[in-house]
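J.: Structure provided below as structure tokens; questions to follow.
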């Protein structure tokens, strides 16, 4: 049986609809930026005293944006699960209750041959969709040129790492009890319902880990740094913005100005965990980075990394360097872009990271 011929009007409507649908799939980042509020720019006050006032305001607003998070205990109640001897270093495996319904597993690496109180690093693992990973990154070299635990312990650093929400031993332990990306999405939805973000919950866990690290009698609290790659890099500079106890940081392969991420169509490069409601109504990344001043912060980023557009990095650099100058620490912020590299951690970056912490935290032989 033959179908009736399509009318000219019907054919025209189908053609128009097809064009509209096709056109709607074409990204128009400029349009989305035009119809969105522009965050207030970071301004450099005239005096250090004026910056101190503005800094307090910015940090308070940043904390508020992370959501309605319960206060942390002074020191988390930690249960030591095991102790392992690895020759040049010892590993303690522990867990603590974060007061938000989850047990947070972690590891503490302590050099075997030591004298006096040690410098320490809070090591923040990456994302990469590797939900089975987490803190185990500390004992592998899949993403770093050396095994971080043994390399850092050999230089005299104690190191502490935890599993972020939905990673490692916490994979599949979220509100839906499902694993991997679906579990992360469920956790994000759960936290939004309670007026907070998954990113806020993640950083709160990190700060509880820092609380525990600083409570250890082996650690010199004046020589504590933070570092990581990718999601770990972003955790590092956010933690420096929020917590004065961190004295130095190195962020590898993730320095992202959020408006520039929109402009380049790069939102897909970061998972749902990463986004903070209301952020761009208040400020962009440069205001977060500036809160680290005058403490030293080194950022190492590939120029071909789609998650960290270079135009945005240059805007961050231009905005924050005057803040470090104002606070009396010229050169305290250093940003290096490797034009030919993507989302990687190279041996040269690793050497820079080690040299930065050796200079700032002064480990003793």
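Residue numbers (the working numbering): 242 to 606. Note that CB positions come from ideal geometry on N, CA and C, so glycine has one too. Only a predicted model underlies this, so the values are computations on that prediction, with no experimental measurement involved.
1) Taking contact to mean at least 3 C-beta pairs separated by less than 8 angstroms, is the stretch 357 to 375 in contact with the stretch 460 to 467?
2) From this set, 572, 456 and 527, which residue's C-alpha is nearest residue 535's C-alpha?
3) Near residue 309, what residues of its chain come up, given a Cβ to Cβ distance below 8 angstroms and the 5 sequence neighbours on each side ignored?
4) Below 8 angstroms CB to CB, which residues in the same chain sit around residue 561 once its five sequence neighbours on both sides are set aside?
5) Below 7 angstroms between beta carbons: does that hold for residue 307 and residue 331?
6) Do you know how far the Cα of residue 577 is from the Cα of residue 364?
7) From the DSSP output, which residues share a beta bridge with residue 462?
8) Between 389, 285, 269 and 595, which lies nearest to residue 491 when the distance is taken from Cα to Cα?
9) When you compare each of 333, 425 and 349 to residue 373 by their alpha carbons, which one comes out closest?
10) At the level of alpha carbons, what is the spacing between residue 429 and residue 599?
11) DSSP three-state label for residue 595, please.
12) Kindly identify the DSSP beta-bridge partner or partners of residue 401.
13) So, do the stretch 491 to 505 and the stretch 318 to 326 have three or more beta carbon pairs nearer to each other than 8 angstroms?
14) Quick check on DSSP: helix, strand or coil for residue 475?
15) Does the pairing of the stretch 404 to 415 with the stretch 380 to 387 give three or more beta-carbon distances under 8 angstroms?
16) If we require 4 or more residues per run, which alpha helix (DSSP H) segments fall completely within the stretch 373 to 459?
17) Nearest-angstrom Cα distance between residue 396 and residue 602?
18) Find the nearest neighbour of residue 507 within the set 548, 597 and 569, judged by alpha-carbon distance.
19) Please give me, in chain order, every unbroken run of the alpha helix (DSSP H) with length at least 4 that falls completely inside the stretch 486 to 529.
20) Assign residue 553 to one of three DSSP states: helix, strand, or coil.
T.: On the basis of the supplied data:
1) yes
2) As a working note, residue 535 is residue 294 in the chain shown. Ranking 572, 456 and 527 by Cα distance to residue 535 puts 572 first.
3) Residue numbering aside, residue 309 sits at position 68 when the chain shown is read from its first letter. 435, 436 and 437, listed in sequence order.
4) Translated into the one-based positions of the chain shown, residue 561 becomes position 320. Answer for residue 561: 283, 527, 530, 531, 534 and 574, listed in chain order.
5) Translated into the one-based positions of the chain shown, residue 307 becomes position 66. Translated into the one-based positions of the chain shown, residue 331 becomes position 90. Not in contact: residue 307 and residue 331 (Cβ atoms no closer than 7 angstroms).
6) The sequence position of residue 364 within the chain shown is 123, counting from 1. The sequence position of residue 577 within the chain shown is 336, counting from 1. In a straight line, the C-alpha of residue 364 is about 21 angstroms away from that of residue 577.
7) Counting from 1 along the chain shown, the entry for residue 462 is found at position 221. The partner list for residue 462 (beta bridge, DSSP) is empty, contrary to what the question assumes.
8) Within the chain shown, numbered from 1, the residue matching residue 491 stands at position 250. The shortest C-alpha separation from residue 491 is found at 595.
9) Taking the chain shown and counting its residues from 1, the one referred to as residue 373 is at position 132. Comparing Cα-Cα distances from residue 373 to each of 333, 425 and 349, the minimum goes to 425.
10) Counting from 1 along the chain shown, the entry for residue 429 is found at position 188. Counting from 1 along the chain shown, the entry for residue 599 is found at position 358. If you take the alpha carbons of residue 429 and residue 599, they lie about 37 angstroms apart.
11) Within the chain shown, residue 595 is the residue found at index 354, counting from 1. Helix at residue 595.
12) By 1-based counting over the chain shown, the position of residue 401 is 160. Per DSSP, 349 and 363.
13) no
14) On the chain shown, position 234 is the one that residue 475 refers to. It is helical.
15) no
16) 389 to 395, 421 to 434 and 439 to 456
17) Position 155 of the chain shown holds residue 396. Position 361 of the chain shown holds residue 602. Rounded to whole angstroms, residue 396 to residue 602 spans 11 angstroms at the Cα level.
18) Residue mapping note: residue 507 aligns to position 266 of the chain shown, counting from 1. Answer by Cα proximity: 548.
19) 499 to 504 and 520 to 523
20) Translated into positions along the chain shown, residue 553 becomes position 312. Reduced to three states, the DSSP call for residue 553 is helix.
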